[in-house]
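For reference, the structure discussed in these notes is given below.
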Amino acid sequence: MVSPYGGVSGAWFGPTHHCLEDLAVMQSLPGVRIAVPAGEAETREAIRAAADGDWPCYVRLGRNEVFDASFAPAGRGAVTWLNPMGGDTCVVSIGEKPTALCQAATEQQPDLGHAHLCWVDEESLTLALPQLADARRLVVVEEHRAAGSVASTLALLLPDREVLSVNAGADWPAEGGNHDETLAALGLTTSAVLSAVLKGK
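In this text, residue positions in the sequence shown follow this note's numbering: the first is 1369, and each later residue adds one.
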């Protein structure tokens, strides 16, 4: 299943087109593998992997806007490191806009590790855990509600780590706007990422 309009990428179309609970719904179905690719190359790889496999897959996409991903795709169970860790905190990006927010955050804080994930079902996340083991604190940035999020799954899988979440919250945007404006109305901004990174330090 390939789903466009992921998160609030429908923007101007309003709440009837927002999709902020889909990962939680798909995570509740046993045996479904879930991909949230960023950029054309990763999207193509995720679609090929889904088509070649013998398991049900859910691939979440945005809408129309081109995302310039100048990094190697993250395969299932793999992590693409977009910024090496210089301390004990790592941001984890899920999807295109969160990846862009994390990249902006690491520009302001160069010692901040940035791990990008594409496959985010529990089984795939479990395979990726050893690659995240050096981080004491994980700040997961995703265009999704807190309930049933990737952050909540990682928190269960990593009980000895501090897992924080920067997400779309529980509100619905009351006014229209483009994708970035809608995200900002929900509190998904670079400032929110940096604030979460600093929390508890």
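Using N, Cα and C, we set each Cβ at its ideal position, and we do this for glycine too. Quick caveat: nothing in here was measured; it's all calculated off a predicted structure.
Where the alpha helix (DSSP H) containing residue i begins and where it ends
i, result
"S1492", "1490–1496"
"A1418", "1408–1420"
"H1547", "1547–1553"
"S1520", "1518–1525"
"A1560", "1558–1566"
Cβ separation of residue i and residue j, assumed to be a contact under 8 Å, to the nearest whole Å
i, j, result
"A1473", "V1565", "7 Å"
"P1383", "W1540", "5 Å"
"T1467", "A1417", "The Cβ separation is near 19 Å, so there is no contact."
"A1414", "V1434", "With a Cβ gap of about 17 Å, A1414 and V1434 do not count as contacting."
"N1432", "G1481", "Not a contact, Cβ separation roughly 31 Å."
"H1512", "L1391", "5 Å"
"C1425", "A1403", "7 Å"
"V1400", "D1489", "6 Å"
"E1537", "G1463", "According to the sequence shown, residue 1537 is Gly rather than Glu. No, G1537 and G1463 are not in contact; Cβ-Cβ is about 16 Å, not under 8 Å."
"S1520", "E1510", "No, S1520 and E1510 are not in contact; Cβ-Cβ is about 10 Å, not under 8 Å."
"G1430", "L1495", "With a Cβ gap of about 25 Å, G1430 and L1495 do not count as contacting."
"V1561", "V1531", "With 8 Å as the limit, V1561 and V1531 do not qualify as a contact, their Cβ atoms being about 14 Å apart."
"L1576", "L1497", "As shown, the chain starts at 1369 and ends at 1569. That puts residue 1576 outside it, with no answer to give."
"V1508", "L1522", "6 Å"
"T1499", "V1447", "The sequence shown places Gln at residue 1499, rather than the Thr named in the question. Contact holds; Cβ gap of about 4 Å."
Residues sharing a beta bridge with residue i, DSSP
i, result
"Y1426", "I1402"
"V1460", "A1483, V1508"
"N1451", "H1482"
"V1534", "V1509"
"G1375", "C1387"
"V1370", "V1427"
**Item:** Meets three-Cβ-pair contact criterion under 8 Å: the region 1450–1462 and the region 1492–1507
**Value:** Yes, they touch.
**Prompt:** Counting pairs of beta carbons, one from the region 1540–1553 and one from the region 1395–1409, are three or more of them closer than 8 Å?
**Reply:** Not touching, per the Cβ criterion.
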